[in-house]
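Those letters in the sequence shown? Residues 1 to 162, by UniProt numbering.
Here is the structure we will look at, set down as structure tokens.
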Amino acid sequence: MVTVGSHPGDRRREHRANHSSRSKWQTFSLDDLSTVIDNIEAGYISRSKIHGFGLFAESDLPAGKQLCTLDGQVVPWALHQSEQLTSEWNALSGSQFLVRPYRTKYFYINHSRQPNLVIKHRGDAPIVVVARSIAKDEEMTLDYREEPLSDDYIAAHGHTYL
């Protein structure tokens, strides 16, 4: 089940339905969020003042709390560029990234230069950790610049929002 809502006080639970098509990933509404995989139980998706939709704290979260482990398939950047993949992903290095074929709650964590979350590594696994205490209903954010993004990505797209 995924927690969704139009604002923090009006949350509802919906069952996860069949996965969405790529075209639905391009434009979506709160009704489409029933297909999102709930990989961060401590958060709910709602409209964001930062950008589109965001992930918000279900309750107060202490610094140091692990929210999730990021998984997926390791893919070379060249494949992303040649296939123009629209999947959810994380940069692992300048030449590889971790891709997930289905949208997860992680997708809704917006960028901030003063984030309250950080990506760390436990062994080879990237994990999302609370960097500073987060209040209930506060939007969760990451500094996307902390990922090892390729120079090609920065030049082509990243410079528009980082």
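Glycine included, each C-beta is placed from N, C-alpha and C at the ideal position.
Please read all numbers here as calculations on a predicted model, not as lab measurements.
Exercise. Can a CB atom of chain B be found closer than 8 Å to the CB of HIS51?
Worked result: Within the model displayed, chain B is absent; a lone protein chain is all it includes.
Exercise. Which value, in whole angstroms, describes the spacing of the CA atoms of ILE134 and ASP60?
Worked result: 6 Å
For this session: Output the boundary residues of the beta strand (DSSP E) element that contains GLU58.
Result: Taken as a continuous stretch (DSSP letters only), GLU58 belongs to no beta strand (DSSP E), as it is neither H nor E.
For this session: At 3 residues or longer, and completely inside the UniProt domain "SET" (41 to 145): list those beta strand (DSSP E) runs for me, N to C.
Result: 43 to 47, 53 to 57, 66 to 69, 73 to 76, 88 to 91, 96 to 100, 117 to 122, 125 to 130, 139 to 142
For this session: State whether the region 66 to 80 contacts the region 88 to 103, with contact taken as three or more CB pairs (one from each stretch) at a distance under 8 Å.
Result: yes
Problem set entry | Short Cβ contact (8 Å threshold) for ALA78 with ALA131 | no
For this session: Just the C-alpha distance for LEU142 and LYS49, rounded to the nearest angstrom, thanks.
Result: 15 Å
For this session: Consult DSSP for GLU147 and reduce its assignment to one of helix, strand or coil.
Result: coil
Exercise. Which residues in the same chain as GLU58 place their Cβ atom closer than 8 Å to its Cβ, once the five residues preceding and following it in sequence are excluded?
Worked result: THR3, GLU41, ALA42, GLY43, TYR44, LYS136
Exercise. Considering only residues of the same chain and omitting the five flanking positions on each side of HIS51, which have a CB-CB separation below 6 Å?
Worked result: ASN110
For this session: Could you check which residue in GLY54, TRP89, ASN116, SER34 has the C-alpha nearest to that of PRO126?
Result: TRP89
Exercise. Taking the C-alpha atoms as reference points, what is the distance between PRO115 and THR35?
Worked result: 27 Å
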